[in-house]
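Protein chains in written order, with the numbering used here: chain X, -11 to 539; chain E, -11 to 539.
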């Protein structure tokens, strides 16, 4: 059996000019980056108003759900049923590529390409975000070093540094050592680039003007009078925007079946808002009749955030929602050991299916059509598939058995046909909360209606932070919860559909540029670590440039 | 008068395909990055064996020498006299762009373009080098965290981290704080990316195989038995090479007069070896009859290193050497205050000209033809120009008055004509030292024959390091001195042609991948700081994407 990278390397891609012309994007409306990549110029010229389909999933497990693979295969399926369609996805982060995850460009016959490029820097967006972030960090410390005219209290600086690597060693550091010519000693830390507020700003910006507006509002800390200090106060908004001049343009590539895909931005859904840029989604909607976008991790994280934050800023709610599930992942949720997943176990499957059931009920709350895509694996038995189909049907939604890994778009045409019908609905979207609600009302809505926890408890620190937020009116921003992706609760080990748990918020972080408040729960870390045998150890490139070990 | 960026923005560039075809580079031998940039595929197909011209200069001053501008204008001059010519230059570092220097793409009518792109990430080479460097750092600490099979002594790790920003706050840091899940606490520090050994490795690699070979040999520290530990020992050579798969390909752009320019790699000459990649120089020589390359800072730094390190690895010594000087910079060297440079002062000029005189004598030691290019400024008086011409002639070399800033290639055609003649020489190149010489003999050669210091003194630490190097045979590598660019001595304030000084070596760093030993002298820092009013404060981009404040 061919590996993902072998399938990708043997694929027959068409020139990116052909992909652009498929979407009626004129030759002067984009810049090619080599033969198979392009950046779309702003503003777009496309005038369509395509339907929007959101792909989300059950809680992820080590078994893999194949959400990205399904999203790509679904786009190809739309093409196979002769519908104009474009996919909008996030860019992979190098941290996980070098760590556990490998690439993030789909799998089997449902991939975006060229995978080696997309997984490795792509068109340079993440490096630009990293550079902009750390340039701001350097400018802050430089300001303090040279007299501190803004009277910034170094102990209150909330703007950390970032690298696009899993580097636990940099989580907590002391900087500015080495005497008076080398800055002012203080505590600091590094996050992974995907958690940078600049990543969120870029993903939520409508255009260059909006980008500058958002960058300028970023809170970097407080002065000695406890007043907020922003990027605008520092006077470096223009310089940061300059560094993002190309990064803000959506990237265009193709699937192995030549379906156009806009791949742009890449916040994680556990520590950030977890969706590709609204510019990429807009590009898809303005140039195709159907735009398919994916939200990170489970529907409790990326899904909820897309529905309550991103789609609001996008100005368009999803016309239909697809929840991806696999027999294997549900069996894991039902208590099966990772090594026993190949054995048929209907009981465990049905026990674990409660995780899916809850996500279905959650998504239905938003009053838009919901379907489930079962991403089939060769180890799934007929009994299991039938039992899962029955279970899903009982939840009041339709199940679709898909085989996109093996068959590309042909493995999801039924689902595509159904979605064409579902997208005709005029149901009124019901948000989970209104931004104007009290902060704790909003937070409790997420905790009780999406996670189904008993309650939420703020730490003493978070309570103090809430007071500051109320003082400045920041509590009227939407909430972006940072939480483990593995459980509805804030404890990664509680799989399935746990109940009666408490969500513990350790910290509230005002992201005034992005326009939301991050609530850190449980032991969530904004800088991952590498495993004992990182994927990097298996990677190689031969003397002719052929790559192995990316997957 | 138009600014550099205004001149650049109003220039009429031709498509990069036209630049490639000017050099007989076929359409499948490169990948365009937009309309005006391309990356050349490896291996090159060009079969020329062009002459090589090295452009170097007097010690730089705040007055500016315009070495890059002269190099670009000289390339254009070769075109104007109908000679096939390509320029090879370094890529600008974002640190200085955001700090004092602004852009690094020439000036006036002698610029490479598009300057906004070249100055800001360009085709992503520096981000790739930064990422590869810091991925290695993360992998080292991850190895130690997960059991330290290689028995690495964390106190001996010589592999620091890098960012491509001037961030003095990161010079000395303590990392790994936060308890047992966040790594092992230890001292560390950040250099600027241009000082990364991976930058040097990339610039000195002949191809992908050589890149991997060099990456694998990089020394990262020692184990508890005081034995060296390399990248190969860690098993991550392939992963690092993968991250550099595109960065190793030379970039092709054009001057405002459409002369081809390969811009690739960018080590500083004060803290690293200071020359563009040998692949870029090779690309220029294999596709044009004349290749013009620039070495960083003065002839004591970039010049000496190009002659004794880079050109040896390139396998081709320069056929002629151009030393750039300006009346203003020499007056500064002669003691004139920076604010009084507009006033005629022949005495100070002649006093400062001793700096030029010494560089001329130094370069003549290599037994290749030397000429001086006087880069004229509007404030230069006739008396000053005449006096300087006389001085230069007395040193036994020809002076050429050039006006490339104002006139582009037309301002240096006499110089170009002379260089065509000079390049016909068959003089045998005389190296300053042989790699096989004793380490201290090599170091003293540089100090006495190039800097004209009295002697060189190693610190106790450097002496210990030399013993280790002798034990492993590393002392047979060439020496790359890290020294202030402002003076022949290791004291930035000793301008002109100081004598009888001692060079103090604080540390010796074995760069086994790059293949040289760095000798740190005086107070040289491998991480610069930003000034009190960084250039970043003046930068902006308007809502249509038009950039201001880059210069």
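Here a beta-carbon is modelled for each residue, glycine too, at the ideal position from N, C-alpha and C. Predicted model only: the values in this text are computed from it and were never measured.
List the residues of chain E that residue i touches, going by C-beta distances under 7 Å, in chain order.
i                      : result
residue 421 of chain X : Those within 7 Å of residue 421 of chain X in chain E number zero; the least Cβ separation is about 33 Å.
Give me the chain E residues within the contact set of residue i, using Cβ-Cβ distance strictly less than 8 Å, ordered along the chain.
i                      : result
residue 129 of chain X : 155, 156 and 157
residue 152 of chain X : 119
residue 535 of chain X : 230 and 233
Cα separation between residue i and residue j?
i                      : j                      : result
residue 389 of chain E : residue 255 of chain E : 29 Å
residue 162 of chain X : residue 449 of chain E : 26 Å
residue 510 of chain X : residue 480 of chain X : 9 Å
residue -1 of chain X  : residue 366 of chain X : 23 Å
residue 457 of chain X : residue 508 of chain X : 15 Å
residue 363 of chain E : residue 373 of chain E : 10 Å
residue 557 of chain X : residue 230 of chain E : Since the displayed chain X opens at -11 and closes at 539, residue 557 of chain X lies outside it and no answer follows.
residue 272 of chain E : residue 539 of chain X : 37 Å
residue 339 of chain X : residue 319 of chain X : 8 Å
residue 492 of chain E : residue 499 of chain E : 20 Å
residue 56 of chain E  : residue 327 of chain E : 24 Å
residue 569 of chain E : residue 426 of chain E : This structure gives no information on residue 569 of chain E, because the portion of chain E shown stretches from -11 to 539.
residue 476 of chain E : residue 124 of chain X : 35 Å
residue 133 of chain E : residue 496 of chain X : 30 Å
residue 536 of chain E : residue 429 of chain E : 50 Å
residue 80 of chain E  : residue 101 of chain E : 13 Å
residue 152 of chain X : residue 158 of chain X : 12 Å
residue 61 of chain X  : residue 109 of chain X : 24 Å
residue 65 of chain X  : residue 136 of chain E : 49 Å
residue 336 of chain E : residue 324 of chain E : 7 Å
residue -4 of chain E  : residue 99 of chain E  : 7 Å
residue 420 of chain X : residue 304 of chain X : 16 Å
residue 413 of chain E : residue 23 of chain E  : 39 Å
Quick one: residues in its chain with C-beta nearer than 6 Å to the C-beta of residue i, no 5 flanking neighbours on either side, listed in chain order?
i                      : result
residue 225 of chain E : 200, 203, 204 and 219
residue 514 of chain X : 179, 183 and 259
residue 443 of chain E : 490
residue 129 of chain E : 171
Along chain X, which residues have their Cβ under 9 Å away from the Cβ of residue i?
i                      : result
residue 181 of chain E : Per Cβ cutoff of 9 Å: no residues; residue 181 of chain E is ~10 Å from chain X at best.
residue 507 of chain E : Chain X residues near residue 507 of chain E: none, gap ~21 Å exceeds 9 Å.
residue 82 of chain E  : 119, 123 and 231
Who are the near neighbours of residue i in its chain, counting only those whose CB is closer than 7 Å to its CB and skipping five residues on each side?
i                      : result
residue 522 of chain E : 86 and 87
Please list, in chain order, the chain X residues whose beta carbon lies closer than 7 Å to that of residue i.
i                      : result
residue 194 of chain E : By Cβ distance, chain X contributes nothing, its closest Cβ being about 11 Å from residue 194 of chain E, past 7 Å.
residue 426 of chain E : Ordered by position in chain X, no residue passes the 7 Å Cβ test against residue 426 of chain E, which lies about 34 Å from the chain.
residue 160 of chain E : 165, 166 and 170
Leaving out five residues before and five after residue i in sequence, what residues of the same chain have Cβ atoms less than 8 Å from its Cβ?
i                      : result
residue 386 of chain E : 359, 360, 380 and 406
residue 116 of chain E : 231, 232, 234 and 235
residue 217 of chain E : 138, 140, 207, 208, 209, 210 and 211
residue 432 of chain E : 443 and 444
residue 572 of chain E : A question about residue 572 of chain E goes unanswered here, because the residues of chain E that appear run from -11 up to 539.
residue 27 of chain E  : 18, 19, 21, 111, 234, 237, 238, 239 and 240
residue 279 of chain X : 38, 39, 40, 41, 73, 74, 75, 76, 269, 272 and 273
Strictly below 9 Å CB to CB, what residues from chain E border residue i?
i                     : result
residue 23 of chain X : 19 and 20
Between residue i and chain C, is the shortest Cβ-Cβ distance under 8 Å, so that the two count as touching?
i                      : result
residue 502 of chain E : Absent from the structure is chain C; the protein chains it does hold are X and E.
Complete alpha helix (DSSP H) runs within the segment 404 to 471 of chain E (minimum length 4 residues, chain order): 427 to 433 and 448 to 460
Whole beta strand (DSSP E) elements within the segment 325 to 404 of chain X, 3-residue minimum: 358 to 363 and 386 to 390
Starting from the N-terminal side, write out each stretch of the alpha helix (DSSP H) that is 4 residues or longer and does not extend beyond the segment 251 to 295 of chain X. 266 to 275
With 9 Å as the limit, tell me which residues of the segment 112 to 123 of chain X have their beta carbon closer than that to any beta carbon of chain E; keep them in chain order. 112, 114, 115, 116, 118, 119, 122 and 123
Enumerate, from N- to C-terminal direction, the unbroken alpha helix (DSSP H) stretches of 4 or more residues contained entirely within the segment 21 to 87 of chain E. 55 to 68 and 82 to 86
Report the residues of the segment 395 to 422 of chain E with a CB closer than 8 Å to any CB of chain X, ordered along the chain. none
Could you name the residues of the segment 520 to 533 of chain X whose beta carbon sits closer than 9 Å to any beta carbon of chain E, in the order they occur along the chain? 520, 521, 522, 523, 524, 525, 526, 527, 528, 529, 530, 531, 532 and 533
Between the segment 211 to 238 of chain X and chain E, which residues of the former have a C-beta closer than 7 Å to a C-beta of the latter? 223, 224, 226, 227, 229, 230, 231 and 233
Quick one: which residues of the segment 89 to 111 of chain X get their C-beta closer than 7 Å to a C-beta of chain E? List them in chain order. Of all residues in the segment 89 to 111 of chain X, 108 and 109 have a Cβ within less than 7 Å of some Cβ in chain E.
Contact set between the segment 132 to 146 of chain E and chain X, restricted to residues whose Cβ is under 8 Å from the partner: 133, 134 and 135
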